[in-house]
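Working notes, structure below.
Number of protein chains: 2
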Amino acid sequence: MSSLIHFTLDPFSRRLRLACAEYGVVVELIEEDPWNPSAAIYEINPAGTVPIFLAGADAPICGVEAIGEFLEETRSARISLIPGTSFERAEVRRLVSWFDGKFYAEVSEPMITEKLIRRFLPRANGGGGPDTARVRQAMSNLREHLDYVSYLADRRAWLAGEQLSMADLAAAAHLSVIDYFDDVPWFRYPVAKSWYQRMKSRPSFRPLLSDSIRGVAPGAHYADLDF
Amino acid sequence: MSSLIHFTLDPFSRRLRLACAEYGVVVELIEEDPWNPSAAIYEINPAGTVPIFLAGADAPICGVEAIGEFLEETRSARISLIPGTSFERAEVRRLVSWFDGKFYAEVSEPMITEKLIRRFLPRANGGGGPDTARVRQAMSNLREHLDYVSYLADRRAWLAGEQLSMADLAAAAHLSVIDYFDDVPWFRYPVAKSWYQRMKSRPSFRPLLSDSIRGVAPGAHYADLDF
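In the order they appear, the protein sequences are chains A and B.
Position 121 of the first sequence, counting from 1, maps to 121 under this note's numbering, and the rest follow consecutively.
Position 140 of the second sequence, counting from 1, maps to 140 under this note's numbering, and the rest follow consecutively.
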């Protein structure tokens, strides 16, 4: 069996949990706290980061981009998550980079750092209460990004085109983390909400909805399909 | 003919200039200053960033990941830059992400911002002299990364394995920008230097060696093959 070294609220790990489920790849999950990476992690991945995919006894595959492309190359017989022509595939990858680069830097990273990581860090390493100015800025960025998700979802069946793709998984993975904190103002974004509702209803999403981090309970509607 | 909207000292644009030359794709270069993106750029790429690849009259392709994979999918008849088995391809992509993610955040971005972008920004938007503490930190990070490049170059013919790959192009693109500023202490890293010398000697590299930005001359040895 394959394994995925992941962290429950890491959006990159979540994207790959969704991808594995969509591709039909059963993985054993191995949890790794990002605020306290083990020495063993550095031996597998010199960057010291998750996700890491272990395909049995083969060499480990490190990093969300490498793992995503690897799964598409080797496990996409049933469903492709980078579907279509080379131009359509480029649009999927553009949006994946948008969410993993821009959305992560402007929304996910500050929210995860301020609302979660700081709780678990010693005070000397930046532990303590959240920097409220950073959270406010991230929330303002989130609203702009929800406009963009709405724009895409309004014009296309799925975010990158007419088929479900890795772009939907990336977007949903990031938004699901913010939703865990109960910080997505869904009521203002009905089109984005309806797209997220479709994502949330997929069998691949179900395991994510029962996730919980000790000391940080999910928002009241996190697991509801009708939110 | 295809075009590439780029910025001369942007490492992502440089990687694609190298990739196009290696694949044998002739591109017209269209320069875009990142500190003052034109309205037209936002119409092509909502992120407002370069590189953007225009394959004739077809839809534009935005972002270094999407363009890199697109070129590999459509233009790699002569040479593959993501070569080998799925595992070998994953290693190429792991290292590309390393340089475009980690190296960029820890070295290229602070160096480019402090040594270049600030010169061209109005004072109200952060223009002025470099933040020397940020430059010092980036230089310290650079030394760690040169250790890693040396480690890889010592064990393999090329950084990701036995063949030239996109990983070499990504690493060389980032290092070439720091080298433009004359800030790479090559003499301390003979193995990394010898790898960079091989990269610099490739015909694909030649156009980059004659680059120049107004007001910021390249370092004395920037264009020398014997540095």
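Quick reminder that beta carbons are idealized off the backbone N, C-alpha and C, glycines included.
Here the structure is a predicted model, which is why all the values come from computation and not from measurement.
Of the residues A:Ser86, A:Ser3, A:Glu72, which one's Cα is nearest the Cα of Asp58 (chain A)? Here residue 58 (chain A) is taken as the residue at index 58 of the first sequence, counted from 1. Closest by alpha carbon: A:Ser3.
If I follow the unbroken beta strand (DSSP E) through Ile44 (chain A), where does it start and stop? What you label residue 44 (chain A) is simply residue 44 of the first sequence in a count that begins at 1. Not the beta strand (DSSP E): Ile44 (chain A) falls in the alpha helix (DSSP H), residues 39 to 44.
What separation, rounded to the nearest whole angstrom, lies between the Cα atoms of Leu225 (chain A) and Pro203 (chain A)? Locating residue 225 (chain A) in the first sequence gives position 225, where the first residue counts as 1. Locating residue 203 (chain A) in the first sequence gives position 203, where the first residue counts as 1. Distance between the alpha carbons of Leu225 (chain A) and Pro203 (chain A): 12 Å.
Kindly indicate which residue of B:Pro11, B:Gly24, B:Phe120, B:Ala192 has the alpha-carbon position closest to the one of Met1 (chain B). Against the second sequence, residue 1 (chain B) aligns to sequence position 1. When only C-alpha atoms are compared, the closest one is B:Gly24.
So Asp147 (chain A) contacts chain B; which residues on that side make the cut at Cβ distance below 7 Å? The residue given as residue 147 (chain A) occupies position 147 in the first sequence. None at all; the shortest Cβ gap to chain B is about 11 Å.
Less than 8 Å between CB atoms is the rule here; does Arg14 (chain A) satisfy it with respect to chain B? Locating residue 14 (chain A) in the first sequence gives position 14, where the first residue counts as 1. Not one chain B Cβ lies under 8 Å of Arg14 (chain A).
Indicate whether at least one CB of chain B lies closer than 8 Å to the CB of Gly63 (chain A). Indexing the first sequence from 1 puts residue 63 (chain A) at position 63. Under the Cβ criterion of 8 Å, Gly63 (chain A) is counted among the residues facing chain B.
If you reduce the DSSP assignment to three classes, tell me which class Ile178 (chain A) lands in. Walking along the first sequence from the start, residue 178 (chain A) turns up at place 178. Ile178 (chain A): helix per DSSP, three-state reduction.
Comparing C-alpha positions only, which one of B:Arg118, B:Ile41, B:Ala21 sits nearest to Ile30 (chain B)? For this step, residue 30 (chain B) is matched to residue 30 along the second sequence. Ranking the options by Cα distance to Ile30 (chain B), first place goes to B:Ile41.
Residue span of the alpha helix (DSSP H) that contains Ser140 (chain A), given as start and end: Taking the first sequence and counting its residues from 1, one reaches residue 140 (chain A) at position 140. First-last of the alpha helix (DSSP H) with Ser140 (chain A): 132 to 155.
Is the distance from the Cβ of Phe7 (chain A) to the Cβ of Pro34 (chain A) below 8 Å? Translated into positions along the first sequence, residue 7 (chain A) becomes position 7. Translated into positions along the first sequence, residue 34 (chain A) becomes position 34. For Phe7 (chain A) and Pro34 (chain A), yes; Cβs fall inside 8 Å.
Considering only C-alpha positions, which residue in the set A:Glu114, A:Ala124, A:Glu22 is nearest to Ile82 (chain A)? Counting from 1 along the first sequence, the entry for residue 82 (chain A) is found at position 82. Measuring from the Cα of Ile82 (chain A), the nearest candidate turns out to be A:Glu22.
Since Leu95 (chain B) is in the alpha helix (DSSP H), which residue starts that stretch and which ends it? Counting from 1 along the second sequence, the entry for residue 95 (chain B) is found at position 95. Looking at the DSSP string, the run of the alpha helix (DSSP H) that includes Leu95 (chain B) is 86 to 97.
Going by DSSP, what residue range makes up the alpha helix (DSSP H) through Ser204 (chain B)? For the purposes of this step, residue 204 (chain B) is identified with residue 204 of the second sequence, where counting begins at 1. Boundaries cannot be given for Ser204 (chain B), as no alpha helix (DSSP H) includes it and DSSP labels it neither H nor E.
Whole angstroms are fine: how far does the CA of Pro46 (chain A) sit from the CA of Arg123 (chain B)? On the second sequence, position 123 is the one that residue 123 (chain B) refers to. On the first sequence, position 46 is the one that residue 46 (chain A) refers to. Those two C-alpha atoms are separated by around 39 Å.
Could you give the DSSP three-state label for Glu31 (chain B): helix, strand or coil? For this step, residue 31 (chain B) is matched to residue 31 along the second sequence. If DSSP states are grouped into helix, strand and coil, Glu31 (chain B) belongs with the strands.
Which residues in the same chain as Glu114 (chain B) place their Cβ atom closer than 7 Å to its Cβ, once the five residues preceding and following it in sequence are excluded? Taking the second sequence and counting its residues from 1, the one referred to as residue 114 (chain B) is at position 114. Once the five neighbours on either side are set aside, the close Cβ partners of Glu114 (chain B) are Pro130, Asp131, Arg134, Val135.
Per DSSP, which residues does Cys62 (chain A) bridge with? Please list them. Taking the first residue of the first sequence as position 1, residue 62 (chain A) is located at position 62. DSSP lists A:Ile52 as partners of Cys62 (chain A).
Can you pull the DSSP bridge partners for Ser2 (chain A)? In the first sequence, counting from the first residue as 1, residue 2 (chain A) sits at position 2. According to DSSP, Ser2 (chain A) bridges with A:Val27.
Would you check if the distance between the CB atom of Val177 (chain B) and the CB atom of Ile117 (chain B) is smaller than 8 Å? In the second sequence, counting from the first residue as 1, residue 177 (chain B) sits at position 177. In the second sequence, counting from the first residue as 1, residue 117 (chain B) sits at position 117. Result no, Cβ atoms of Val177 (chain B) and Ile117 (chain B) do not sit closer than 8 Å.
Relative to the C-alpha of Ala160 (chain A), which residue among A:Val27, A:Gly56, A:Ser97 is closest? Sequence index remark: in the first sequence, residue 160 (chain A) carries index 160 (1-based). Out of A:Val27, A:Gly56, A:Ser97, A:Ser97 has the C-alpha closest to the C-alpha of Ala160 (chain A).
Along chain A, in chain order, which residues have C-beta atoms closer than 7 Å to that of Ala66 (chain B)? As a first step, residue 66 (chain B) is located in the second sequence; it is residue number 66 there, counting from the start. Near Ala66 (chain B) (Cβ distances below 7 Å), the residues of chain A are Ala90, Arg93, Arg94, Ser97.
Going straight from the alpha carbon of Gly48 (chain A) to that of Ile5 (chain A), what length do you get? For this step, residue 48 (chain A) is matched to residue 48 along the first sequence. For this step, residue 5 (chain A) is matched to residue 5 along the first sequence. Gly48 (chain A) and Ile5 (chain A) have their C-alpha atoms roughly 11 Å apart.
Scan the region 98 to 116 of chain A for residues whose Cβ lies nearer than 7 Å to a Cβ of chain B and list them as they occur along the chain. Trp98, Lys102
Where does Ala105 (chain A) land, buried or exposed, given buried means 16+ other C-beta within 10 angstroms? Counted from its first residue, the first sequence places residue 105 (chain A) at position 105. By the neighbour-count rule (16 or more Cβ atoms within 10 Å), Ala105 (chain A) is not buried but exposed.
Looking at chain B, is there any beta carbon in it that lies within less than 8 Å of the beta carbon of Asp58 (chain A)? Start at 1 with the first residue of the first sequence, and residue 58 (chain A) comes out as number 58. Asp58 (chain A) counts as touching chain B.
Leu71 (chain B) versus Cys20 (chain B): straight-line alpha-carbon distance, rounded: As a working mapping, residue 71 (chain B) is identified with position 71 in the second sequence. As a working mapping, residue 20 (chain B) is identified with position 20 in the second sequence. Whole-angstrom Cα-Cα distance: 8 Å.
Residues of chain B with CB under 9 Å from Phe70 (chain A), in chain order? Position 70 of the first sequence, counting from 1, holds the residue named residue 70 (chain A). Those are Ser86, Phe87, Arg89, Ala90, Arg93, listed as they occur along chain B.
Any idea if Ser194 (chain B) is buried or exposed, counting beta-carbon neighbours within 10 angstroms, 16 or more meaning buried? Reading the second sequence from its first residue, position 194 is the one you call residue 194 (chain B). Its Cβ having fewer than 16 others within 10 Å, Ser194 (chain B) is exposed.
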